[in-house]
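**Q** Residue numbers (the working numbering), protein chains in the order written: chain A, 1369 to 1845; chain B, -6 to 471.
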Amino acid sequence: MTWVIARTELLQYWRDGRVLTVLAIVLLLSAAATVTGWNAVSTMERERAAAVGMDREIWNNQGDKNPHTAAHFSRYAFQPTFDLAIFDPGLTNHVGNAIWLEAHYRDPAALRPVEDAVEIQRIAEMSPVWVLQVFAPLLAIVLLFGAVAGERESGTLRQLMASGLRPAAFLMGKAASALVLLAALVLVVMAGSLILVRSDAISPLPDAFFRSSGLVALYIAYVAIFVFLALGVSALSSRSRTALLALAGLWIVTTVLGPRLGADVAGAISPAPSAPEFASRVEKESSDPFWGSADEAVARRQKVMDDLLAEYGVETTAELPINYDGYLLQASEEYANDVFDSLYDELWGGHERQRDITRVFAAISPRIAVQNISMALAGTDLFAYRHFADSAEQFRRRFVLLLNEEMIVHGGADGYAYVSGNDFWEQNPDFEYVPPGIREIVPNLRADAGIVLAWLGLAFSVAAVAVRRGLVGETAA
Amino acid sequence: MTNRTVLAHEFRSILHDRWQVGLLLLFALLSIYAVFQGSRYREALRETATAFETEHLANAAAWREQMVAIETGETRPEDDPWAGLAMNVAMPAVLFPGPLADFSQGVTDVHPFTARVALWRSVDRLFGNYQFQSPGETRAGPVDPGYVIVFLMPLLMIALSFGALAGDRDSGRLGLVLSYPISVREFVASKLVVRLGAVLLIAAASLIVGLFLGAGGLPDGQRLGRFALWSLAAVGYFAFWAGAIGWIVSLNRRGETTAMTMVGLWVLISLVSPAILAAAAQLTYPAPSQLAFLSLARQVSSEAHREQSSVMEGMLLEHPELSVDNYTLPEYIRESYLVTQTVDRRVEPVLEEFDLVQAQRRAFLGLVQYAAPAALALRAMNEIAGTDLERQVRFEREVRDYKSRIARAVEANVLAGERMSVAEMSRIPQWSFPEPGLGATARAVLAPVGALFLFGFGFAGRAAGRLARLETRLRETS
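Written out as structure tokens, the structure is:
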């Protein structure tokens, strides 16, 4: 019986001009969004590849230079954009894609695409997930607002009940028809992104199959939430007009207002530091306590020297078999690294706290939890960007150490006058980024996956109870 | 039943409808929240900008004091060889938040608004590190009064008014309207006036609260003028939606069809068309590669360092008068100046290209924005508030220009390795950012805001015509 109802419903959708119109608009939008996303990602990757090559060339050909001077010029770590960013760009436009790996300082990622964007892009960023997250629920509502209330108004519900139809079969039949259509939409949108990825030299994320399958499952669960909510509300409403109004309100709160309000409240509760203030803190707290003229800084430098002289059993730095300037520079790096760890933990921690506060709003908007999982699977969430930034920072420390060691070991009495040449620069390693695998990201998904499942369970329960009550009530009447 | 009785009846029916009262209260709460948040945001920006400027002006003053001490003999020149070093001139350049940044945040959250203009920095690094904002927060966007007006206000207007005619139609009472001594047009208009008027009243009240809250007391003339313009843009957008809603109501469809059409229009106007226009602008006028710009700046810098002797030679050929023999300061200072100047010169064409692309996009959107009234309203509101992209681009250009003016003022001292005098320091240009006056802003937003009113009146005119025809049809069939 379930499949008979589902087939009948699908036939009705096919004949309903409104459904076809909305479906066509959603498909067109997703096609446009996919092409736009592909264009953005492939352009970013092309530009990144050119920049990586250029960075190596500039480094190799910088000529004779003191290694520490070279550490100031240093190199860049360029953030790769992976294949699934076409499907879900997540935070891609809002984080920088180049980190300067200079000595003495941990720089934030610069060159955020949003700074080049036109201001109305802030209203809505077109992407395939935007279409799925915002418009697929709307399509579910258009398909189902009259599923029970409409049948009741037209009197067909009573006829169906009289024919011995069970509420469960009715619910599953109506749900299955909408789910088939919406799942097909999810698959088409996902397939569109994957086909375009294959046509271009965009790097795939590790575990791409699991990630893509996870995304498909996630979005089917997401549309299922709205399918059951729509059925439940339709069954609870005496008229389809009332159902439509209630569902339109629900859609606005869950997909449009909730995520924005959540992020705004999170920003108010846990505000990010002001940029000039934070930049100044990083600079002062990492440098002044070591290089400053305060007693504490002088004592710190003195201790470095005393310890080193004791280690080599000599009286003066001139007697050291290594270059003292280089050693002191490296000591300052190691002091600053702890400060960077502490300050950046504070900064990222604040961003993560905002995300956690926003997650509370998932109680009124499942889109928030879905967004978090989707971005995580697509490698475009906060965790992914922090992973990249931390990897780049670890490389910066190794790279600066390498350059300082060149001065320490070979600088001798020349100190800052010591120079290395292109032979040395050519031997220096490149930054190779390895993104996190699925095992690393799964633990981060538990809370959001729990929320999505809770919403699914709640929506199903509401639909089951409402449809049973509605149908039994109809039979009794 | 007269106009007045319809108005009174509508007013009572709103008050007795729990859902409608609830929606109005929710809107009022969100509006007040937005006003409060906007005010907090602007104040935080202002405080940060002031602190930055104060700190760097104090540094500049301390730097000047060192020179005064040398000139008055308080300090011997040999005791402070760095005092008055022209290369160390550093001045703050600050973009204070626009007069109504609390009303629409615009692009202020993702762009730099402070710069330490120093000769040691080439133009690609003038703004230092500022990318510390939370990406989740910038991605979601703010809930400010602009958001409330552009996105939430039309939704409430739809929720309250979609049944203005459909309610009577669905309940079969439409024929009864003909027995009233007022026309169908007046009947519908009276209903809409009450329902939409309630929305406008709440919006206006919250904006007035915001006017005083953001000013921290009585607003000055500049803020009042901008507020009047901003409110006019908001009323224009309200008029657009009021007209559109009136027109959809006049189609005289069933309640759910009317509601669906209105929500569909909202989706189209508020979400789809701005997203399409933004994508179209960026695809039509792609920005030059930021990464290529970065690589160019680094390449030029590296080459200039590597070939410093020829760079120096070039400078001496241009400025033989600066070929001094008694250059006592470390040579790297003069070299650094020449390297940053070389980088500035070489990247200038790319920066001009960035500016050109932004100008082309602005011109493109200036034409096509009429297809997306939400974008039209938001851009006008940002421009009035002083938070638009164009102001930001202008700030960044002015900062670069400021650096080159400072460089011109002190170049001779840097190259000759001469200490600056107090008199010379007083000739260093001061930072100023010219803001367009109220009249210029009003002229700039005249067309978009006028278009919103025009669209609104156009829809309303068509609605009036349709309702008149509906009445004729109803009378013929009754």
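Glycine included, each C-beta is placed from N, C-alpha and C at the ideal position. None of the values given here were measured: they were computed from a predicted structure.
1) Verify whether the separation of the beta carbon atoms of residue 1735 of chain A and residue 1627 of chain A is less than 9 Å.
2) Out of B/236, B/293, B/122, B/368, state which residue places its alpha-carbon closest to the alpha-carbon of residue 268 of chain B.
3) When the Cα of residue 1576 of chain A is compared with those of A/1829, A/1745, A/1764, which residue comes out closest?
4) Run down chain B in chain order and give the residues with a C-beta less than 8 Å from the C-beta of residue 1608 of chain A.
5) Which residues of chain B have a Cβ atom closer than 8 Å to the Cβ of residue 1640 of chain A, listed in chain order?
6) Around the C-beta of residue 1481 of chain A, are 16 or more other C-beta atoms found within 10 angstroms, so that it is buried, or is it exposed?
7) Quick check on residue 85 of chain B: does DSSP put it in helix, strand or coil?
8) Going along the chain, which residues of its own chain have a beta-carbon closer than 7 Å to the beta-carbon of residue 1564 of chain A, five neighbours each way excluded?
9) Determine contact between the stretch 1715 to 1732 of chain A and the stretch 1782 to 1796 of chain A, defined as no fewer than three beta-carbon pairs at a distance below 8 Å.
10) So, at 8 Å on beta carbons, what are the nonlocal neighbours of residue 1444 of chain A in its own chain, with the 5 sequence-adjacent residues on each side left out?
11) Hey, could you find the ends of the alpha helix (DSSP H) residue 1752 of chain A is sitting in?
12) Taking 9 Å as the CB-CB limit, is residue 1789 of chain A close to chain B?
13) Between residue 60 of chain B and residue 330 of chain B, is the Cβ-Cβ spacing less than 9 Å?
14) Between A/1782, A/1724, A/1812, which lies nearest to residue 1862 of chain A when the distance is taken from Cα to Cα?
15) Mapping the DSSP letters down to three states, classify residue 420 of chain B as helix, strand or coil.
16) Identify, in the order they occur along the chain, each residue of the same chain with its Cβ nearer than 7 Å to the Cβ of residue 477 of chain B, setting aside the five sequence neighbours on each side.
17) Figure out for me which residue from A/1511, A/1476, A/1516, A/1404 has the closest Cα to the Cα of residue 1380 of chain A.
18) Going along chain A in order, which residues have a C-beta closer than 8 Å to the C-beta of residue 30 of chain B?
19) Is it the case that the CB of residue 97 of chain B approaches a heavy atom of the ligand ADP more closely than 8 Å?
20) Just reading off the beta strand (DSSP E) that residue 109 of chain B is part of, what are its end residues?
21) Quick check on residue 1796 of chain A - is its C-beta less than 9 Å from some C-beta in chain B?
22) Exposed or buried, what is residue 381 of chain B when buried is set at 16 or more other beta-carbons lying within 10 Å of its beta-carbon?
23) Among residues of its own chain, excluding the 5 on either side of residue 248 of chain B, which ones have a beta-carbon nearer than 6 Å to its beta-carbon?
24) How big is the Cα-Cα spacing for residue 77 of chain B and residue 332 of chain B?
25) Out of A/1545, A/1394, A/1578, which has the shortest C-alpha to C-alpha gap to residue 1556 of chain A?
26) By the three-class DSSP mapping on this structure, what secondary structure does residue 1788 of chain A have?
27) Using a Cβ cut-off of 9 Å (strictly closer), state whether residue 330 of chain B contacts chain A.
28) Can you give the Cα-Cα distance for residue 1584 of chain A and residue 1559 of chain A, rounded to whole angstroms?
29) According to DSSP, what are the bridge partners of residue 1468 of chain A?
30) Could you check if residue 353 of chain B is buried or exposed, using at least 16 other CB atoms within 10 Å of its CB as the buried criterion?
31) What would DSSP say about residue -3 of chain B, mapped onto helix, strand or coil?
32) Flag residue 1705 of chain A as yes if its beta-carbon sits less than 9 Å from any beta-carbon of chain B, otherwise no.
33) Whose Cβ in chain A lies nearer than 7 Å to the Cβ of residue 99 of chain B?
34) Name the DSSP bridge partner or partners of residue 412 of chain B?
35) In the DSSP assignment, what residue or residues form a beta bridge with residue 1433 of chain A?
36) Quick check on residue 1569 of chain A: does DSSP put it in helix, strand or coil?
**A** On the basis of the supplied data:
1) yes
2) B/368
3) A/1745
4) 249
5) 125, 126, 127, 130
6) buried
7) strand
8) 1402, 1406, 1454
9) no
10) 1419, 1423, 1466, 1467, 1468, 1469
11) 1750 to 1778
12) no
13) no
14) This structure leaves residue 1862 of chain A out entirely; chain A is present only between 1369 and 1845.
15) coil
16) Outside the displayed range of chain B (-6 to 471) lies residue 477 of chain B, so it cannot be described from this structure.
17) A/1511
18) 1632, 1636
19) Looking at this structure, you won't find the ligand ADP or any other ligand, since it has none at all.
20) 107 to 111
21) no
22) buried
23) 156, 159, 163
24) 21 Å
25) A/1394
26) strand
27) no
28) 10 Å
29) A/1444
30) exposed
31) helix
32) no
33) 1487
34) B/78
35) A/1788
36) coil
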